[in-house]
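The sequence shown begins at 248 in the numbering used here and counts up one residue at a time.
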Amino acid sequence: MENNFDVIVIGGGPGGYVCAIRAAQLGLKTACIESRGTLGGTCLNVGCIPSKSLLNLSENYHKAKKDFNNQGIEISNIKLNIDKMMSNKDKSVQVLTKGVEFLLKKNKVSYYKGKGVLFSENDVVVFDSKDSSKRTNLKAKNIVIATGSFPTSLPGVEIDEKNIVSSTGALSFSEVPKNLVVIGGGYIGLEMGSVWSRLGSNVTVVEYLDFITPGMDREVSNEFKKILTKQGINFKLNNKVTAVKNVNSKVLVEFTNNKTNSKEKIECDKVLVSVGRKPYTEGLNLSKIGIKKDAKGTIEVNEKLQTSIKNIYAIGDVIKGPMLAHKAEEEGIAVAEIIAGQAGHVNYNVIPGVIYTSPEVATVGKTEEELKIENKTYKVGKFPFMANSRAKVNNETDGFVKILADSQTDKVLGVHIIGPHCGDMIAEMALAMEFGASAEDIARTCHAHPTHTEAIKEAALAVDKRPIHF
Ligand SMILES: Cc1cc2nc3c(=O)[nH]c(=O)nc-3n(C[C@H](O)[C@H](O)[C@H](O)COP(=O)(O)OP(=O)(O)OC[C@H]3O[C@@H](n4cnc5c(N)ncnc54)[C@H](O)[C@@H]3O)c2cc1C
248 MENNFDVIVI GGGPGGYVCA IRAAQLGLKT ACIESRGTLG GTCLNVGCIP SKSLLNLSEN
308 YHKAKKDFNN QGIEISNIKL NIDKMMSNKD KSVQVLTKGV EFLLKKNKVS YYKGKGVLFS
368 ENDVVVFDSK DSSKRTNLKA KNIVIATGSF PTSLPGVEID EKNIVSSTGA LSFSEVPKNL
428 VVIGGGYIGL EMGSVWSRLG SNVTVVEYLD FITPGMDREV SNEFKKILTK QGINFKLNNK
488 VTAVKNVNSK VLVEFTNNKT NSKEKIECDK VLVSVGRKPY TEGLNLSKIG IKKDAKGTIE
548 VNEKLQTSIK NIYAIGDVIK GPMLAHKAEE EGIAVAEIIA GQAGHVNYNV IPGVIYTSPE
608 VATVGKTEEE LKIENKTYKV GKFPFMANSR AKVNNETDGF VKILADSQTD KVLGVHIIGP
668 HCGDMIAEMA LAMEFGASAE DIARTCHAHP THTEAIKEAA LAVDKRPIHF
């Protein structure tokens, strides 16, 4: 009964591989199927990891070029070697994807390379990635769909991954585009826009809404736009892109202002289309076996992450919720534990979100706008990094910490930070919220000096109008 499993996971991204490892830890005989050829999904191959590698490397380059001389570190002839930078990124990806393969082996998860297709509620066939006539029949008591998402485009705009690219293409330009247009002011567009702007591109972001990063606390989003503008990124907000055309070796982007109806054109070398992602379920046979999707193509699940067929679960980008690797991982663990008869669950109120620009932006919990819609009364505590000693000595004073707490109970409802290293700092706030902390709990916790985290303590004090250093 070699091909009979307790759990088969289709998709080896952060949702799928984490689910497979947890299931195996719990003593379940587990298989993981991945069609890409390498494990780690979008995140490791063409998402979180390569983008963070380029963000880090481009920031180092930019700092060396722009800041070091002022700080008494004199270097001349700083040159960009884009091939080396890209191979650095590719190496990081390779090491990490191999690492996941090792982890599956270590945990005795059977790894199948190929496309997994559902043939019944217990039957999955793996079609070999290289030769689809080669198939392996597998059976499982439980199946987890973790097939992720793919980048979408605008009507009439064809992504060719040459001059009109998705985030995947923007992770691998062989030279720095002189002019880059980014369509969409969400986190992927702004991270990739920052990378190429630091490396020398003239970057213009065209966004349909009159603000960037939809869903983010508006005060933070406005501050973020101000800082990025100061860094040299141009914004065309409230504009609808009407055409993107390849003209000779350039691209022409046409757009119309939503308010004034005035039309504009930009000729550029590359266009990054970053207008969102869609759940990926192609070729899985979902409708044939009766798994329901909503109008957006998202697989419908209940609170136990079960689809319309009870022994088939779905997790990660393919279901509702923020398309984030750590959300997918949490769901993967919850499903494995539910299948093993435990009480796995995900607290959707406490899922942090980070944008890895410089400064970083990090949020967890409710925004002010959401609290207003919910008619919740709340207090706001804010503290600027300008008044934080560590930020000051490091010349990283842009941004602030903002804590929203319940007016009656003082319970922390949301934390929104723009500033240095806040992608790491937000973990403290997620932990505090998991434990139901009040702003006073945070204010009474000793924070090391001098650290950026003191700005969190001060913002918590500011909820009660008693910050010390501001
Ligand atoms: C540029 C970029 C940057 C990002 N940065 C971040 C970040 O900093 N932090 C963060 O949290 N998130 C980030 N994300 C989002 C993150 O990558 C996704 O939310 C995450 O990868 C979703 O995990 P998943 O397991 O649901 O799906 P995926 O990672 O998409 O994995 C699904 C896998 O399933 C495979 N598959 C699909 N169909 C089949 C099939 N039939 N058979 C076998 N295999 C199949 C696919 O090949 C894929 O490898 C980023 C995304 C992008 C594009």
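Glycine included, every Cβ here is placed at the ideal spot set by N, Cα and C. Predicted model only: the values in this text are computed from it and were never measured.
For Thr610, the enclosing beta strand (DSSP E) stretches over residues 607-612. Between Gly258 and Ala393, the gap from beta carbon to beta carbon is short of 8 angstroms. Judged by the Cβ position, Lys362 qualifies as a neighbour of ligand 1 at the 7 angstroms threshold, a heavy atom of the ligand being closer than this. Closer than 7 angstroms to some heavy atom of ligand 1: that does not describe the Cβ of Pro714.
DSSP places Tyr264 outside any beta strand (DSSP E); the residue lies instead in the alpha helix (DSSP H), whose first and last residues are 261-272. Glu470 sits in a helix when the DSSP states are folded into three classes.
Taking a contact as a CB-CB distance under 8 angstroms, the pair Glu615 and Glu466 counts as one, their CB atoms being some 7 angstroms apart.
The three-state reading of DSSP puts Gly666 in strand, counting E and B together. In this structure the region 619-628 touches the region 701-709; the number of beta carbon pairs closer than 8 angstroms is three or more. In the DSSP annotation of this structure, the continuous segment of the beta strand (DSSP E) that includes Ile255 starts and ends at 251-257. According to the DSSP assignment, Arg524 belongs to no alpha helix (DSSP H) but to the beta strand (DSSP E) extending over 524-526. Annotated three-state conformation of Ile715 is coil, per DSSP. Beyond the five residues adjoining it in sequence on each side, Met680 comes within less than 7 angstroms, by CB distance, of Val597, Val611, Gly612, Val659 in the same chain, given in chain order.
Asp671 sits exposed, since fewer than 16 C-beta atoms from the chains shown fall within 10 Å of its C-beta.
Taken through DSSP and simplified to helix, strand or coil, Glu577 comes out as helix.
Only residues of its own chain outside the window of five on either side were considered, and among them Ile536 have a CB closer than 7 angstroms to the CB of Ser367, listed in chain order.
In the three-state reduction of the DSSP assignment, Glu681 falls in the helix class. When secondary structure is reduced to three states using DSSP, Gln655 falls in the coil class, being assigned neither helix nor strand. In the structure shown, the three-state DSSP call for Tyr560 is strand.
For the region 380-437, the full-length beta strand (DSSP E) segments reaching 3 residues or more read 382-392, 396-398, 426-430 along the chain. Linking Glu514 to Glu454 through their CA atoms gives a straight-line distance of about 17 angstroms. Annotation for Gly288: the continuous alpha helix (DSSP H) segment containing it runs 288-293.
With respect to the C-alpha of Asp711, the residue from Ser685, Cys693, His694, Ile280 having the closest C-alpha is Ser685. At least one heavy atom of ligand 1 lies less than 7 angstroms from the C-beta of Pro261. When DSSP states are grouped into helix, strand and coil, Pro297 belongs to the helix group. Placement of the Cβ of Tyr358 at a distance of 7 angstroms or more from every heavy atom of ligand 1 is found. Note: Gln553 is bridge-paired with Tyr560 in the DSSP secondary-structure output. Looking only at His699, Cys669, Asn369, the smallest Cα-Cα distance to Arg637 is reached by His699. From the listed residues Val372, Lys497, Leu350, the smallest Cα separation to Pro424 is found for Lys497.
Taking the Cβ of Asp564 as the reference point, at least one heavy atom of ligand 1 falls within a distance shorter than 7 angstroms. Taking every protein chain shown into account, the CB of Thr344 has 16 or more other CB atoms within 10 angstroms, so this residue is buried. Where Phe632 is concerned, there is no enclosing alpha helix (DSSP H), because DSSP gives it neither an H nor an E.
Counting C-beta atoms within 10 angstroms of its own C-beta, Cys693 has fewer than 16 neighbours from the protein chains shown and is therefore classed as exposed.
Comparing alpha carbon positions, the residue from Pro599, Phe471, Gly346 closest to Phe458 is Phe471. According to the DSSP assignment, Gly361 belongs to the beta strand (DSSP E) that extends over 357-365. Gly440 has its CB no nearer than 7 angstroms to any heavy atom of ligand 1.
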